C-alpha cells in the first residue's frame with residue numbers, strides 16, 4: 001500500500017538549520033521571558049479592572065433601561081475580548097520559548113525555511129515565514 005504524500009512538504013528541499021550560540025539563545029530567551037512577564041502583568045491588570053467594573057455595574061444598575069443594559073453588556077464583552085487577546089499573545093510567547101528549547105525557533109513551522117531576522121525582531125513569537133503567513137491570511 002502506498003504511503004500518503006504530504007502536499008505541504010512534497011518536493012521541498014531540506015534546509016540545513018544553522019546553530020545559534022548559547023549567548024544568542026539566552027538573549028532571545030530573556031527577551032521572550034520579559035515579554036511574557038509584561039503580558040501576564042497586563043492580563044492580571046485587565047482582569048482586575050474587569051472585576052472592579054463588574055462590581056460597579058452591579059451596584060449602579062438601578063433604573064437602567066434597555067439601552068443602558070445593552071451598552072454595559074457590549075462594554076463587558078469588549079473587555080473580555082481584550083483579556084482573551086492578551087491571553088492568546090501569552091500563549092504565543094510561551095510556544096516560542098518551547099520552540100527555542102526544542103531548537104525550532106526561527107524556522108517556519110510550515111515550510112521549514114528560516115524566518116527573517118527582521119520578522120523575528122518585530123514579532124519574536126512568529127512561527128511562520130512571511131510567505132506562509134500571507135498564504136494563511138488569504139484563506
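Residue numbers (UniProt numbering): 1 to 139. Virtual Cβ for every residue (Gly too), placed ideally from N, Cα, C. Quick caveat: nothing in here was measured; it's all calculated off a predicted structure.
Using DSSP bridges, identify the partner residues of residue i.
i	result
residue 114	107
Quick one: residues in its chain with C-beta nearer than 8 Å to the C-beta of residue i, no 5 flanking neighbours on either side, listed in chain order?
i	result
residue 49	79
residue 36	90, 93, 94, 97
residue 100	25, 28, 29, 32
residue 76	50, 53, 54, 57
residue 46	79, 82, 83, 86
residue 133	126
I need the boundaries of the alpha helix (DSSP H) containing residue i, first residue and last residue.
i	result
residue 127	No alpha helix (DSSP H) contains residue 127, which DSSP labels as neither H nor E.
residue 139	That residue, residue 139, is in no alpha helix (DSSP H); it is neither H nor E in DSSP.
residue 65	That residue, residue 65, is in no alpha helix (DSSP H); it is neither H nor E in DSSP.
Is residue i close to the ligand SAH? I mean its beta-carbon at under 7 Å from any heavy atom of the ligand.
i	result
residue 23	In the structure on display, the ligand SAH does not appear, and there are no ligands present to speak of.
Excluding the 5 residues preceding and the 5 following residue i in the sequence, name in chain order all residues of the same chain whose CB lies nearer than 7 Å to its CB.
i	result
residue 57	72
residue 106	114, 115, 120
residue 131	none
Enumerate in chain order the residues of its own chain whose CB-to-CB distance from residue i is below 6 Å, with the five nearest sequence positions on each side excluded.
i	result
residue 127	109
Do three or more CB pairs link the stretch 77-89 to the stretch 107-116 at distances below 8 Å?
Too few Cβ pairs lie closer than 8 Å, so no.
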